[in-house]
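For the sequence shown, our numbering begins at 7 and goes up steadily by one.
Working notes, structure below.
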Amino acid sequence: MADLRTTYLGMELRSPLVASSSPLTGSLDGLRRLEAAGAGAVVLPSLFEEELATPGAAAGAYLSLVEQARQSLEIPVIASLNGVSRGGWSSYATRLEEAGASALELNIYYVSSRPGLSGNDVEWHYLDVVRAVRRATSLPLAVKVSPYFSALANMAGQLVESGANGLVLFNRFYQPDLDIEAMEVVPTLELSSSVELRLPLRWIAILHRRHRVSLAASTGVHTAVDVIKVLLAGADVAMMTSALLRNGPDHLRPLEVQVRDWMDRHGFETLGQLRGRLSQRSVPDPAAFERANYIKTLASHAGRGTGR
Ligand SMILES: Cc1cc2nc3c(=O)[nH]c(=O)nc-3n(C[C@H](O)[C@H](O)[C@H](O)COP(=O)(O)O)c2cc1C
């Protein structure tokens with residue numbers, strides 16, 4: 007039977023199927039069900055910087071979730087912090103470590119609407135936060151980012167230099183919509199679909215083996231085909247939230263079977279044999295991951311409508 011073990015942030019996981027941060031990973035019951043269904047690791051919901059600033063219930067409850075999860079699960083438990091400033095992390099990161107977190111995921115998302123702030127300033131700000139958290143903990147550290155950088159390949163390298171052991175590509179946030187009857191802004195959060203996999207797929211393929219860093223694919227992983235795609239592109243793990251919220255933790259069971267079946271059919275015994283097979287560096291046409299095929303793609307679409 008195909009071996010699904012993988013290494014993520016220096017930890018050996020039994021499977022590359024990881025439950026990303028969501029309300030499902032926020033209860034012990036949800037976490038147990040995910041482990042039973044075959045998750046290789048779990049990422050807890052984020053503790054927000056604002057919750058830390060007002061000491062009290064939220065931070066205490068979070069530490070106790072980490073402790074309970076550590077006691078009842080065998081798989082790695084990754085704690086998650088969400089913040090945009092460098093302060094406040096140090097003592098808390100130590101307490102997460104003491105509570106038994108196996109690793110830390112730092113979720114930084116920052117929309118700058120200040121015209122005076124340059125891309126360089128914003129990037130520096132990200133790196134400053136990563137360095138502060140790196141100093142505060144010796145836990146393996148993953149940084150979850152958005153795709154909205156002008157030079158993501160370069161930024162990825164700087165994040166690694168600042169102390170990231172892993173990159174989670176990508177975070178997916180709600181984007182406000184407008185209600186034209188009530189004339190107000192409404193927050194919307196829709197679950198993803200497999201179509202959205204293309205963005206992380208491209209960047210995983212581009213970043214595979216560029217830096218010494220683990221890569222996690224997040225956004226749009228729903229099916230076994232999606233999982234196999236991100237592994238071929240070069241991911242170490244495939245993270246899932248929407249698929250698990252929609253179908254429940256047991257969704258992982260058939261996925262694992264289907265990934266193994268595919269590996270058997272293609273003669274792969276380990277993930278190492280297939281990881282990165284279709285990364286940018288491994289394919290005959292590396293430009294396929296960049297803009298070069300744009301014209302061809304557009305032309306093929308135009309051809310469909312006109313019957314050419
Ligand atoms: C209801 C909900 C809550 C989420 N909460 C968090 C969170 O606390 N921290 C975080 O880093 N990501 C959070 N996410 C983002 C997911 O971890 C994931 O990155 C995103 O949903 C894209 O993956 P998917 O396509 O598998 O859903 C949340 C997503 C949803 C749908």
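Even for Gly, the Cβ is constructed at its ideal location relative to N, Cα and C.
Terminal residues of the continuous beta strand (DSSP E) containing residue i?
i: residue 113; result: 109–113
i: residue 88; result: 83–88
i: residue 205; result: Taken as a continuous stretch (DSSP letters only), residue 205 belongs to no beta strand (DSSP E), being part of the alpha helix (DSSP H) at 204–213.
i: residue 184; result: 183–185
i: residue 190; result: 190–192
i: residue 148; result: 147–151
i: residue 117; result: Run containing residue 117: none; DSSP gives neither H nor E here.
i: residue 25; result: 23–25
Roughly how far, in whole angstroms, is the beta-carbon of residue i from the beta-carbon of residue j, given that I think they are within contact range, below 8 Å?
i: residue 22; j: residue 243; result: 5 Å
i: residue 230; j: residue 210; result: Rounded, the Cβ-Cβ distance is 17 Å, inconsistent with contact.
i: residue 72; j: residue 47; result: So it is not a contact: roughly 14 Å between Cβ atoms.
i: residue 10; j: residue 296; result: About 31 Å separates the two Cβ atoms, so there is no contact after all.
i: residue 171; j: residue 16; result: 7 Å
i: residue 52; j: residue 88; result: 4 Å
i: residue 283; j: residue 8; result: Residue 283 to residue 8, Cβ: 15 Å. No contact.
i: residue 118; j: residue 128; result: 5 Å
i: residue 132; j: residue 177; result: With a Cβ gap of about 12 Å, residue 132 and residue 177 do not count as contacting.
Does the beta-carbon distance from residue i to residue j come in below 8 Å?
i: residue 86; j: residue 49; result: yes
i: residue 237; j: residue 277; result: yes
i: residue 174; j: residue 148; result: yes
i: residue 151; j: residue 217; result: no
i: residue 28; j: residue 194; result: no
i: residue 226; j: residue 232; result: yes
i: residue 258; j: residue 67; result: no
i: residue 168; j: residue 215; result: no
i: residue 250; j: residue 197; result: no
i: residue 293; j: residue 213; result: no
Helix, strand or coil for residue i per DSSP?
i: residue 313; result: Residue confidence for residue 313 is low, a pLDDT of 47 falling below 50, so the modelled location carries little weight and cannot support an answer.
i: residue 123; result: coil
i: residue 242; result: coil
i: residue 291; result: coil
i: residue 16; result: coil
i: residue 169; result: coil
i: residue 156; result: coil
i: residue 57; result: helix
i: residue 135; result: helix
i: residue 201; result: helix
Which residue comes first and which comes last in the alpha helix (DSSP H) that contains residue i?
i: residue 68; result: 63–78
i: residue 262; result: 258–271
i: residue 222; result: First-last for residue 222: 220–223, but that is the beta strand (DSSP E), not the alpha helix (DSSP H).
i: residue 251; result: 248–253
i: residue 42; result: 34–43
i: residue 277; result: 277–280
When the cut-off is 8 Å and only beta carbons count, does residue i lie next to chain B?
i: residue 189; result: Reference to chain B is not applicable here, since this structure consists of a single protein chain.
Do the stretch 151–158 and the stretch 182–199 meet, that is, are 3 or more Cβ pairs less than 8 Å apart? The stretch 182–199 and the stretch 151–158 do not touch, with fewer than three beta-carbon pairs separated by less than 8 Å.
Three or more C-beta pairs below 8 Å linking the stretch 67–82 and the stretch 102–121: Result yes; three or more Cβ-Cβ pairs closer than 8 Å.
Kindly confirm or deny that the stretch 96–104 and the stretch 28–40 touch, where touching means at least three C-beta pairs closer than 8 Å. Verdict: no, contact absent.
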